[in-house]
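These notes are about the structure you will find just below.
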Amino acid sequence: MDNIQSAFKNKNANIGYIVAGYPSVEHTIEFIDNLDKSVIDLLEIGIPYSDPIADGKVILDAGLEAIENGVNTDTVFEILEKRTSKKPIVFLVYYNLIYAYGLSNFIQRSKKCGIQGFIIPDMPYEESEEMFKLCKKNDLSLIPLISVTSEHRAKKLLTRSSGFIYAIGAIGVTGGEQTPLNRLKHMVGDLKKMSDLPVAVGFGIRTNEDINITREYADGAIVGTSLVELCGKFRGEYLLEEVKELFN
Numbered sequence: 006m007d008n009i010q011s012a013f014k015n016k017n018a019n020i021g022y023i024v025a026g027y028p029s030v031e032h033t034i035e036f037i038d039n040l041d042k043s044v045i046d047l048l049e050i051g052i053p054y055s056d057p058i059a060d061g062k063v064i065l066d067a068g069l070e071a072i073e074n075g076v077n078t079d080t081v082f083e084i085l086e087k088r089t090s091k092k093p094i095v096f097l098v099y100y101n102l103i104y105a106y107g108l109s110n111f112i113q114r115s116k117k118c119g120i121q122g123f124i125i126p127d128m129p130y131e132e133s134e135e136m137f138k139l140c141k142k143n144d145l146s147l148i149p150l151i152s153v154t155s156e157h158r159a160k161k162l163l164t165r166s167s168g169f170i171y172a173i174g175a176i177g178v179t180g181g182e183q184t185p186l187n188r189l190k191h192m193v194g195d196l197k198k199m200s201d202l203p204v205a206v207g208f209g210i211r212t213n214e215d216i217n218i219t220r221e222y223a224d225g226a227i228v229g230t231s232l233v234e235l236c237g238k239f240r241g242e243y244l245l246e247e248v249k250e251l252f253n
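Letter by letter, the sequence shown follows residues 6 to 253 in our numbering.
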């Protein structure tokens with residue numbers, strides 16, 4: 006069992022998303038150092054990017070603030086190279102950043118600092134073959150994003166997928182209004198029939214109530230916007246308590 010799959014073993018996974026370097030590099034280092042004490046089972050780390058296609062205002066503003074503070078791809082690698090947490094971490098990263106860094110270099114450095122996989126919102130299936138081959142060669146996961154509007158392509162998307170399935174729970178950007186529950190449940194049910202991978206739902210999940218409803222039909226709940234907001238207000242033990250209250 007790989008490290009990502011272990012996050013889903015015998016339970017619904019609590020999956021969090023943070024923006025690397027927001028509100029500061031020191032805050033991100035502290036958050037990752039505290040990860041083993043957190044209720045979060047798997048962490049997505051966003052590399053700040055100036056032109057995201059999937060980020061709502063909260064995450065967009067956090068990314069821009071990190072960029073203004075000098076955070077770039079190398080900074081994020083340097084943060085992760087110092088980590089001691091054993092919990093699985095994946096990148097949510099836009100393909101332009103990977104391309105600019107060089108695919109092979111990006112993969113190798115990600116693996117060296119313990120990244121388990123990649124979620125790439127702007128990389129269509131038709132452009133994913135090289136990334137898929139490099140991930141497979143290096144035993145890293147390429148996690149697909151599948152929404153209710155792309156469900157007809159699910160079988161194709163799943164042929165180059167590993168780790169878990171990221172089911173998008175809203176039509177639009179992060180932090181937006183969730184897709185009607187019945188439609189989401191139907192999508193997750195269909196994905197489970199097509200794949201043995203765990204299915205986690207993200208986008209539109211902001212509250213403890215949202216998380217508990219998601220647990221009833223999916224294998225994990227992904228919280229981004231609310232966690233980024235908490236990072237902007239709290240740190241250390243206070244942040245751990247807020248995160249615990251959110252997920253519990």
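Every residue gets a Cβ at the ideal spot worked out from N, C-alpha and C, and that includes glycine. As the structure is a prediction and not an experimental result, all values here were calculated from the model.
- Comparing alpha-carbon positions, the option among Ala205, Val95, Glu132 lying closest to Leu162 turns out to be Glu132.
- About 7 Å separates the beta carbon of Asn17 from that of Ala226, a gap short enough to meet the 8 Å contact definition.
- The straight-line gap separating the alpha-carbon atoms of Ile170 and Pro149 is approximately 6 Å.
- Classified as exposed, Glu73 has fewer than 16 neighbouring CB atoms from the shown chains inside 10 Å of its CB.
- The bridge partners DSSP lists for Ile227 are Ile20.
- By the Cβ neighbour-count rule, Gly61 is buried, with 16 or more other Cβ atoms within 10 Å of its own.
- Bounds of the alpha helix (DSSP H) holding Leu186 are 186-199.
- Around the beta-carbon of Asp224, 16 or more other beta-carbon atoms lie within 10 Å, marking it buried.
- Taking the Cα positions, Pro28 is about 14 Å away from Thr230.
- In this structure, Cys118 places its C-beta atom within 7 Å of the C-beta atom of Phe82.
- Ala25 sits close to Ile52, with the two beta carbons spaced by under 7 Å.
- Residue burial is scored here from C-beta neighbours: Leu251 has at least 16 other C-beta atoms within 10 angstroms and is therefore classed as buried.
- Around the Cβ of Gln183, a 10 Å sphere holds 16 or more other Cβ atoms; the residue is buried.
- Shortest Cα-Cα distance from Ser200 to any of Ser166, Pro57, Gly209 involves Ser166.
- Assignment of Phe36 by DSSP, reduced to helix, strand and coil, places it in the helix class.
- Counting only residues of its own chain and dropping the five nearest sequence neighbours on each side, Tyr243 has no CB closer than 8 Å to any other CB.
- Sequence-distant Cβ neighbours of Arg240 in its own chain, meaning closer than 7 Å and more than five residues away, are His32, Glu35.
- Taken through DSSP and simplified to helix, strand or coil, Gly61 comes out as coil.
- Fully enclosed beta strand (DSSP E) runs of no fewer than 3 residues occupy 122-124 of the stretch 96-124, in order along the chain.
- Rounded to whole angstroms, Val248 and Ala105 show a C-alpha spacing of 34 Å.
- Around the CB of Val44, fewer than 16 other CB atoms lie within 10 Å, so the residue is classed as exposed.
- Around the beta carbon of Glu135, fewer than 16 other beta carbons sit within 10 angstroms, so the residue counts as exposed.
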